[in-house]
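Trainee: Pasting in a structure now, in structure tokens, and then I'll have a few things to ask.
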Amino acid sequence: MSKTDPGNYFEDFRLGQVLAHATPRTLTAGDVALYTALYGPRFALFSSDEFARASGLAAAPVDPLIAFHVVFGKTVPDISLNAVANLGYAEGRFLSPVFPGDTLTATSEVIGLKENSNRKTGVVYVRTTGKNQRGETVLSYVRWVMVRKRSEAAEIAEQSTPQLASAVAASDLVLPKGLDFSGYDWTLAGAPHAFEDYAVGEKIDHVDGMAIEEAEHQMATRLYQNTAKVHFNQFERAKDPSGRRLVYGGVVISTAKALSFNGLQNAGLVLAINGGRHVNPYFAGATVFAWSEVLDKADLGACGALRLRLVATKDRPCADFPDKDSTGAYPPEVILDFDYWAAVPKRG
Amino acid sequence: MSKTDPGNYFEDFRLGQVLAHATPRTLTAGDVALYTALYGPRFALFSSDEFARASGLAAAPVDPLIAFHVVFGKTVPDISLNAVANLGYAEGRFLSPVFPGDTLTATSEVIGLKENSNRKTGVVYVRTTGKNQRGETVLSYVRWVMVRKRSEAAEIAEQSTPQLASAVAASDLVLPKGLDFSGYDWTLAGAPHAFEDYAVGEKIDHVDGMAIEEAEHQMATRLYQNTAKVHFNQFERAKDPSGRRLVYGGVVISTAKALSFNGLQNAGLVLAINGGRHVNPYFAGATVFAWSEVLDKADLGACGALRLRLVATKDRPCADFPDKDSTGAYPPEVILDFDYWAAVPKRG
Amino acid sequence: MSKTDPGNYFEDFRLGQVLAHATPRTLTAGDVALYTALYGPRFALFSSDEFARASGLAAAPVDPLIAFHVVFGKTVPDISLNAVANLGYAEGRFLSPVFPGDTLTATSEVIGLKENSNRKTGVVYVRTTGKNQRGETVLSYVRWVMVRKRSEAAEIAEQSTPQLASAVAASDLVLPKGLDFSGYDWTLAGAPHAFEDYAVGEKIDHVDGMAIEEAEHQMATRLYQNTAKVHFNQFERAKDPSGRRLVYGGVVISTAKALSFNGLQNAGLVLAINGGRHVNPYFAGATVFAWSEVLDKADLGACGALRLRLVATKDRPCADFPDKDSTGAYPPEVILDFDYWAAVPKRG
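Next comes the structure, spelled out in structure tokens:
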């Protein structure tokens, strides 16, 4: 038996199968500092223990995207080591905040399998769940990915494509326990824009641009213990037409999210991921820009929530909101189309 | 109303105006590890909790320059987003040590305004104050910066240029409460050179050279939540004659300070910043060298203090102490001329 | 007297001399996060406080290689500032685990001196010991290094070459106090391969490849406060035939060790370093691959131990186990030949 992990091929998956992923991970202040150094986020809730305490929490939680990246990374060896493409996300929900000191583990259930007509690949749908050391579910999301078959001849017994919600319902959003924005300090947070100030359909150019270096995306991706070889193995990537290491899509998400501070200063707390697509590859050295669109609004009582579309580009400022055309085709400079819910304080 | 922060233009500032800056920041062991990884400092007081305890402190404080960079970073969106040039520092004092777990906030008071004769720009002088979560002032410094006007026609009502001290008086230096060097371990600290061993006028070549990569200065600058676009936006910088991202001057200061260990092993603790100028731009890839000159000495009782001039160069070793000429003009390889006070133990 | 440290030349060392190295260092969660970001290790014991507690420890210890690098870094200014080449390691033993919060100091005893026949250089053998803040020895190892003489004419009084063990005896291996693998979670650890599953002579290709950037090795090496100029001073290195900064060998060791997870998932805990040679230089940008060979096995009672040979290459996959030839000569792509003992749980 080989001791080297070959990863799963499409015919290795079974509907209903549950995979327990390796390498539990304790998050620390070191992870938070690296997240700040790699993306430059400025949302006060994750930056200051004092601000978090004034918001009803015990300390500054880690940005939910850190928890997402760490959980995602654990799934790679079991789900996407033999992947051709990461196709999408849906039904992502953040159910409990993560604090430094918490330890995350992850499992995935296979909820869909669909062989492609060429019989060389198939699409695997998994619902991944991250838990903390108390067994509380921290986050849950669906991902689908195109995976190679080991053998073209292999028969796939049971196939099924899951029904996925186009967005998480506002009634399914969960706020961190104790969260209380009644004494929110708008000045320390960086802007006076409250839930009431955002309108559905509003578009915001985040103006700033940020280049990402090879060292930076590699460090980010290793930090999440994500081992997908496309991000690190330059020797192998030299044979690809691009000749370049591909940047982990999560790095683009976190960079765009950090840029979105300029216009969404009070919308740092991601509550749900409705969907997301990496519509063009991103390679190190290009400058990332971003713009957002308000898709929906929901009053959660204790605070508001905005459903936001975050679009990122490479080497293309976003003053004119570059977007897909009427056929759904994206300009080559657009690299990310990400749909999420974020909590926003109400002016009250 | 645009939700994207346009920053302040010269005509937006008023004498006496106080700006409360956004994004409080809790410093952690993660920030300290990154500071070590990015610059390689070896001063024992900041490196070892045990050494700091033997010096009368509760734990290893963070290097005062970390606190400076973090506070400086907060001021950028309000003070220097539309800056043409960062002109100088003065009257910088470190008043209380910062420990991991402390949360810093910052405010700036406009203490001077002077429009340039071209009416397109003006110089803004601010006194910036950083406080911890107990409201104690951690540091205070004056910075002046040339800022664009939004409209050339705008009238500037009240103008004034502040009187600034050429150096912080020795009697205004404040040692960390409890600091006690009576049991100082010179061997662990790395050299036997005491306050008594340094002479006014003495020059020290720090010998070592250190290259800085794009990824490194970007990570450092993001860590301080300093968003000045010249450091990150390569797409925009490609239009500049240099074609390069400009390295944040604080990265040069910290690199040169770390190099200064070789010769100033016991002068790690900065007490004051008398002045500082970034006399030529520094771009990633060049090797930084540094030399120091002892400008003054002061006996503070519990320890000594050296007033030091720290000069940094790029791709130019400092055995011959490259310096400005008699007209005050610097060779193109000199990038920093920094004047500060540091505490140094006495042999006793 | 110059205040800049010139380092020791060969004739400055004396047999039996003990050098106390500078800059005590408190390790923190920040160091652990950076280690993860720089190498991408996935061994559960160092990644999760919960997993470590289930293994009988108080919390996740730091990877023993972090302690090794930090202790090694302290020795550089005193031992190898004037070195021509780092020749080898032997008799390395990890005697007590290191946890975040522990402070390390280091001393070295000169145990061998052998002048070369050209009288320009000589080989210095030191036994270096790292201790924690309680005075407990954390690790100990022998290193030998070729050092320049200041003066060719200098006479070397007493010379001697130490007898060094070819491997640490299994009976000399020390397990962390309390270590208990009886409830080992093979799934969380990433593979079911137990001590019983490995055979002497077995070879494992670790498959994955990892490029290292200039920024990454510089950050790693600064983090260990290792100041050897070959790693940082590009201005000086431009005069070398390679024209490149040399990557610290410890970066190669840690990268190869992290890659070895794929096949040695349960062999993360290094107990001893039997030997190690950097057989060819490694420069940033090349992709590191690795393979391992099981050299020996020992049953330690509470767990097993594998004596492993870890061979790393640059830009050369290891499916065919590239190795030295019958004359002992290595192919140019092989960069590391490292011999160590690791603890491995028994199936029981």
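Residue numbers (my numbering), protein chains in the order written: chain A, 1 to 348; chain B, 349 to 696; chain C, 697 to 1044.
Every residue gets a Cβ at the ideal spot worked out from N, C-alpha and C, and that includes glycine.
Give the straight-line distance between the Cα atoms of B/F394 and C/Q859, rounded to the nearest whole angstrom.
Mentor: Residue 394 of chain B sits at position 46 when you count from the first residue of the second sequence. Residue 859 of chain C sits at position 163 when you count from the first residue of the third sequence. Whole-angstrom Cα-Cα distance: 40 Å.
Trainee: Between the region 284-301 of chain A and the region 246-265 of chain A, are three or more C-beta pairs nearer than 8 Å?
Mentor: yes
Trainee: Who are the neighbours of C/L791 on chain A, taking C-beta pairs under 9 Å?
Mentor: Here the question's residue 791 of chain C lines up with position 95 in the third sequence. Listed by position along chain A, the residues whose Cβ is nearer than 9 Å to that of C/L791 form an empty set, because the closest Cβ is around 25 Å away.
Trainee: Just to confirm before moving on: does the CB-CB distance between B/D391 and B/A620 stay below 8 Å?
Mentor: Counting from 1 along the second sequence, the entry for residue 391 of chain B is found at position 43. Counting from 1 along the second sequence, the entry for residue 620 of chain B is found at position 272. The sequence given here places Phe at residue 391 of chain B; Asp does not occur at that position. No, the Cβ-Cβ distance between B/F391 and B/A620 is not below 8 Å.
Trainee: Take A/K203 as the anchor and find which of A/G263, A/A153, A/L223 has the nearest alpha-carbon.
Mentor: By 1-based counting over the first sequence, the position of residue 203 of chain A is 203. With distances taken between Cα atoms, A/K203 lies closest to A/G263.
Trainee: Distance cutoff 8 Å, beta carbons only. Does B/T635 sit that close to anything in chain A?
Mentor: The count along the second sequence starts at 1 and reaches residue 635 of chain B at position 287. Not an interface residue.
Trainee: Going along the chain, which unbroken runs of the alpha helix (DSSP H) with 4 or more residues stay wholly within the region 555-634 of chain B?
Mentor: 562-571, 582-585, 597-607
Trainee: Locate the alpha helix (DSSP H) running through C/L730, then write down its first and last residues.
Mentor: The residue given as residue 730 of chain C occupies position 34 in the third sequence. Here the alpha helix (DSSP H) through C/L730 covers 725-735.
Trainee: When you compare each of A/A33, A/N233, A/D172, A/Q265 to A/S292 by their alpha carbons, which one comes out closest?
Mentor: On the first sequence, position 292 is the one that residue 292 of chain A refers to. Measuring from the Cα of A/S292, the nearest candidate turns out to be A/Q265.
Trainee: In angstroms with no decimal places, state the Cα-to-Cα distance between C/L800 and C/A725.
Mentor: On the third sequence, residue 800 of chain C is found 104 positions in, with the first residue counted as 1. On the third sequence, residue 725 of chain C is found 29 positions in, with the first residue counted as 1. Going by the C-alpha atoms only, they are around 15 Å apart.
Trainee: Taking only three categories from DSSP, how would you classify B/I552?
Mentor: Residue mapping note: residue 552 of chain B aligns to position 204 of the second sequence, counting from 1. Looking at B/I552 - three-state DSSP - the assignment turns out to be strand.
Trainee: Specify whether the region 656-669 of chain B and the region 709-724 of chain C touch according to this definition: at least 3 beta carbon pairs, one from each stretch, less than 8 Å apart.
Mentor: no
Trainee: In terms of residues, what are the limits of the beta strand (DSSP E) holding B/E681?
Mentor: As a position in the second sequence, residue 681 of chain B is number 333, starting the count at 1. Careful: B/E681 lies outside any beta strand (DSSP E) and carries neither H nor E.
Trainee: Just how far apart, CA to CA, sit B/P354 and B/L429?
Mentor: Residue numbering aside, residue 354 of chain B sits at position 6 when the second sequence is read from its first letter. Residue numbering aside, residue 429 of chain B sits at position 81 when the second sequence is read from its first letter. If I take the Cα positions, the gap works out to 8 Å.
Trainee: Does the CB of A/S254 have a neighbour CB from chain B at under 8 Å?
Mentor: Taking the first residue of the first sequence as 1, we reach residue 254 of chain A at position 254. Answer no: the Cβ-Cβ gap between A/S254 and chain B never drops below 8 Å.
Trainee: Looking at chain B, is there any beta carbon in it that lies within less than 8 Å of the beta carbon of C/F706?
Mentor: Taking the first residue of the third sequence as position 1, residue 706 of chain C is located at position 10. So no, C/F706 is outside the interface.
Trainee: For C/V728, tell me which candidate among C/V822, C/V806, C/M842, C/A916 has the shortest Cα-Cα distance.
Mentor: Counting from 1 along the third sequence, the entry for residue 728 of chain C is found at position 32. The option with the nearest alpha carbon to C/V728 is C/A916.
Trainee: On a CA-only basis, which of B/T476, B/E544, B/K605 is nearest B/D644? Give me that one, please.
Mentor: For the purposes of this step, residue 644 of chain B is identified with residue 296 of the second sequence, where counting begins at 1. When only C-alpha atoms are compared, the closest one is B/E544.
Trainee: Between A/L65 and chain C, is any beta-carbon pair separated by less than 8 Å?
Mentor: Indexing the first sequence from 1 puts residue 65 of chain A at position 65. So no, A/L65 is outside the interface.
Trainee: Mind listing the chain C neighbours of A/F72? Cutoff is C-beta to C-beta under 8 Å, in chain order.
Mentor: Here residue 72 of chain A is taken as the residue at index 72 of the first sequence, counted from 1. Near A/F72 there are no residues of chain C at all, since even the closest Cβ is about 14 Å away, more than 8 Å.
Trainee: Measuring alpha carbon to alpha carbon, tell me which residue in A/Y89, A/I79, A/V168, A/L223 is nearest A/V147.
Mentor: Walking along the first sequence from the start, residue 147 of chain A turns up at place 147. Of the candidates A/Y89, A/I79, A/V168, A/L223, the one whose C-alpha sits nearest the C-alpha of A/V147 is A/I79.
Trainee: Taking the alpha-carbon of C/T857 as reference, which of C/K1042, C/R749, C/L1004, C/I807 has the nearest alpha-carbon?
Mentor: The residue labelled residue 857 of chain C in the question sits at position 161 within the third sequence. Nearest C-alpha to C/T857: C/I807.
Trainee: Which residues, in chain order, does the region 551-567 of chain B contribute to contact with chain A at a C-beta distance below 9 Å?
Mentor: E561, E562, A563, E564, Q566, M567
Trainee: Alpha carbon to alpha carbon, what distance is there between B/H565 and A/A37?
Mentor: Residue numbering aside, residue 37 of chain A sits at position 37 when the first sequence is read from its first letter. Residue numbering aside, residue 565 of chain B sits at position 217 when the second sequence is read from its first letter. The straight-line gap from Cα to Cα measures roughly 10 Å.
Trainee: Using 8 Å as the cut-off, can you tell me whether the region 321-335 of chain A makes contact with the region 173-189 of chain A, which would need three or more C-beta pairs spanning the two stretches below that distance?
Mentor: With a cut-off of 8 Å, the region 173-189 of chain A and the region 321-335 of chain A do not count as touching, because too few Cβ pairs lie within range.
Trainee: Going by Cα to Cα distance, which pick from B/D647, B/G421, B/V424 is closest to B/K694?
Mentor: Residue numbering aside, residue 694 of chain B sits at position 346 when the second sequence is read from its first letter. Residue B/D647 is the option with its Cα nearest to B/K694.
Trainee: Is there a C-beta anywhere in chain B that falls below 8 Å from the one on A/H231?
Mentor: In the first sequence, residue 231 of chain A corresponds to position 231, counting from 1. Interface residue (Cβ-Cβ distance to chain B less than 8 Å): A/H231 is not classified as such.
Trainee: Excluding sequence positions up to five away, which residues of its chain have a Cβ less than 6 Å from the Cβ of B/E562?
Mentor: The sequence position of residue 562 of chain B within the second sequence is 214, counting from 1. The beta carbon of B/E562 is closer than 6 Å to those of A632 in its chain, skipping five residues each way along the sequence.
Trainee: Specify the secondary structure class of A/F46 as computed by DSSP and reduced to three states.
Mentor: Sequence index remark: in the first sequence, residue 46 of chain A carries index 46 (1-based). DSSP places A/F46 in helix when its eight states are reduced to three.
Trainee: Check whether the region 753-768 of chain C touches the region 51-62 of chain A, counting contact only when three or more Cβ pairs, one atom from each stretch, lie closer than 8 Å.
Mentor: no
Trainee: Taking 8 Å as the threshold (C-beta atoms), are B/G557 and B/F637 in contact?
Mentor: Along the second sequence, read from residue 1 onward, the residue named residue 637 of chain B stands at position 289. Along the second sequence, read from residue 1 onward, the residue named residue 557 of chain B stands at position 209. It is a contact, given that the beta carbons lie within the stated cut-off.
Trainee: Leaving aside the five residues before and after C/E1029 along the sequence, list all residues of the same chain whose C-beta is less than 7 Å from its C-beta, in chain order.
Mentor: If you number the third sequence from 1, residue 1029 of chain C lands on position 333. Within the same chain, Cβ atoms closer than 7 Å to the Cβ of C/E1029 are found at T1009, K1010, D1011, R1012, P1018, the five residues on either side in sequence being excluded.
Trainee: Starting from A/G73 and walking both ways along the alpha helix (DSSP H), at which residues does that stretch end?
Mentor: Within the first sequence, the letter at position 73 stands for residue 73 of chain A. Note, A/G73: alpha helix (DSSP H), 64-75.
Trainee: Within 8 Å of any Cβ in chain C, is that where the Cβ of B/D528 sits?
Mentor: Sequence index remark: in the second sequence, residue 528 of chain B carries index 180 (1-based). Taking Cβ atoms only, chain C never reaches closer than 8 Å to B/D528, which makes this a no.
Trainee: Who are A/Y184's beta bridge partners in DSSP?
Mentor: For the purposes of this step, residue 184 of chain A is taken as residue 184 along the first sequence, with counting starting at 1. Note: A/Y184 sits in no beta bridge, so no partner.
Trainee: In whole angstroms, what separates the C-alpha of C/L1004 from that of C/Y1036?
Mentor: The residue labelled residue 1004 of chain C in the question sits at position 308 within the third sequence. The residue labelled residue 1036 of chain C in the question sits at position 340 within the third sequence. Spanning the two alpha carbons is a distance of roughly 5 Å.
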